[in-house]
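Taking it in order: structure first as structure tokens, then the write-up.
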Amino acid sequence: MKSFRCDCGQRIFFESKRCVHCGAAVGFDPQSLTMLKLAPTGEFPQTKTPLYNDNKGRTFTYCNNGHQYDVCNWLVEQPEGSAGERATWLCSGCLFNRNIPYLGNTENLLRWRKFEFAKKRLLFTLMRLQLPLESGFAKPGRGLLFDFVEDQRTDPERYPENFATTGHSNGLITINALEADDAAREEMREELNEHYRTLLGHLRHESGHYYYLLAEHDPNFVQQFSAWFGDPTRNYEQALAHYYDHAPIPDWQRFYITAYASSHPLEDWAESWGHYLHIYDALETAASLGISDKFPSQMSFHERIVTWRSVSVALNELNRSSGLGDVYPFVLNEAVENKMAAVDACITALALREA
Ligand SMILES: [Zn+2]
Ligand SMILES: [Zn+2]
Ligand SMILES: [Zn+2]
107 MKSFRCDCGQ
117 RIFFESKRCV
127 HCGAAVGFDP
137 QSLTMLKLAP
147 TGEFPQTKTP
157 LYNDNKGRTF
167 TYCNNGHQYD
177 VCNWLVEQPE
187 GSAGERATWL
197 CSGCLFNRNI
207 PYLGNTENLL
217 RWRKFEFAKK
227 RLLFTLMRLQ
237 LPLESGFAKP
247 GRGLLFDFVE
257 DQRTDPERYP
267 ENFATTGHSN
277 GLITINALEA
287 DDAAREEMRE
297 ELNEHYRTLL
307 GHLRHESGHY
317 YYLLAEHDPN
327 FVQQFSAWFG
337 DPTRNYEQAL
347 AHYYDHAPIP
357 DWQRFYITAY
367 ASSHPLEDWA
377 ESWGHYLHIY
387 DALETAASLG
397 ISDKFPSQMS
407 FHERIVTWRS
417 VSVALNELNR
427 SSGLGDVYPF
437 VLNEAVENKM
447 AAVDACITAL
457 ALREA
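Under this note's numbering, the first residue of the sequence shown carries the number 107, and numbering increases by one thereafter.
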């Protein structure tokens, strides 16, 4: 993540809606990928939605999900003289939502807020990497959509389904609302014997399945994929059932970033993809804050891995000094690095295809 400053000089964050120093309204402009300081300039007469100007005289409103529910700080630029129909009020990030949970209780509002923050951070990294990014509403079957959903466990009266599984299918990423519940997610993490489980981690992983779909038409990619990850057509249901019924292979650390990555080549891919995005975002943050001297976009892939090895050790040690667990409890050995290099090649090819 880049670091942002208000026009007054104060540091502001990707999630900020107000500058704590000068009190100005601020918001994220997805067009320029930057945070803008805003000055109120009136409201739409029909809807009473507040309007703001930036320092270049452009007019914006907050996304309706920010204006009405305080779960989003992205801006929507208003073309001059526009009537402000409802459809134009959603920001380009919220246009990827297909379903959100029932909003009649405060728990779901809080869960949705966490989901939006994590999703926006994912979208920011995807945009920084110049990956193709289109909503499934605009491009059915090829675009990306999100379902953030509940099941019996959170609302048995409204949702009859026993288990809404977090996953990806044909461009649709489904995230169970419980993943935004810290206590419930921690319980699932312990039950599944994982070292790391976060909403953002899920979103990054699932986006890997989505981009696999976009890449698999390229015969070069498929050849590379099979060389590093194995046969993607291996029976998926059987492999996953086997993984959950048995202990992971004993020396999985030699070949995989996580035990789960050993379950199937496509899961290995999605785990490697997720870690690639994780490292890219964290290195961009480190450079923005002056912790490292180069941005990941200025580094070769191997340089990123070398830098991340030292930055992540420092982060882990700092956390231990605070009496907390490791921030990055993973080992990036050569096998894992090679797989991430294949992810890097795929991202470069997809970004070029888009350009
Ligand atoms: Zn300020
Ligand atoms: Zn929004
Ligand atoms: Zn997966």
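For every residue, glycine included, the Cβ atom is placed at its ideal position computed from N, Cα and C.
If you're wondering where the values come from, they're calculated on a predicted model, not measured in any experiment.
In this structure, the CA atom of S378 is about 35 Å from the CA atom of T212.
In the pairwise beta carbon analysis, the region 331 to 338 is classified as not touching the region 397 to 406: fewer than three pairs are separated by under 8 Å.
Just measuring C-alpha positions, the residue of H301, N159 and E390 sitting nearest Y366 is H301.
Proximity to ligand 1 was defined by a C-beta distance below 6 Å to any of its heavy atoms, and the residues meeting it, in sequence along the chain, are C112, C114, Q116, C125, H127, C128 and A130. Sorted by position in the chain, H311, H315, E373 and A376 make up the residues whose C-beta lies under 6 Å from a heavy atom of ligand 3. DSSP places R204 in the uninterrupted beta strand (DSSP E) bounded by N203 to N205. The region 435 to 444 makes no contact with the region 314 to 332, as fewer than three CB pairs between them are under 8 Å. Distance from the CA of G249 to the CA of T140, rounded to the nearest whole angstrom, comes to 24 Å. Excluding five sequence positions before and after N214, the CB atoms of its chain that fall closer than 7 Å to its own CB belong to P207, Y208 and A283, given in chain order. Among the bridge pairs identified by DSSP, Y158 is matched with P146 and F166.
For F252, the enclosing beta strand (DSSP E) begins and ends at L251 to V255.
For the pair D253 and N205, the CB atoms are nearer than the 7 Å cut-off. In this structure, the straight-line span from the alpha carbon of E293 to that of I355 is close to 24 Å. A heavy atom of ligand 2 is found nearer than 6 Å to the CB of N171.
Counting every other CB atom within 10 Å of its CB across the protein chains shown gives Q174 a total below 16, marking it as exposed. Excluding five sequence positions before and after K143, the CB atoms of its chain that fall closer than 6 Å to its own CB belong to C112, D113, A130 and V132, given in chain order.
At the C-beta level, D287 and A270 stay beyond 7 Å of one another. The Cβ atoms of G199 and W218 lie no closer than 7 Å to each other. Here DSSP, grouped into helix, strand and coil, assigns D351 to helix. Relative to the non-hydrogen atoms of ligand 2, the Cβ of G199 comes within a distance shorter than 6 Å of at least one. Per the Cβ contact rule, the region 219 to 231 is in contact with the region 306 to 313 (3 or more Cβ pairs under 8 Å). Excluding its 5 nearest sequence neighbours in each direction, L456 has C-beta neighbours in its own chain below 7 Å: L237, P238, Y317, L320 and A321, listed in chain order. The continuous alpha helix (DSSP H) containing E296 extends over residues D288 to E297. In the DSSP assignment, E222 falls outside any beta strand (DSSP E) and lies within the alpha helix (DSSP H) extending over T212 to R234. The shortest CA-to-CA distance from V182 to any of T167, A420, I453 and D351 is the one to T167. DSSP, reduced to helix, strand and coil, places T280 within a strand of the structure shown.
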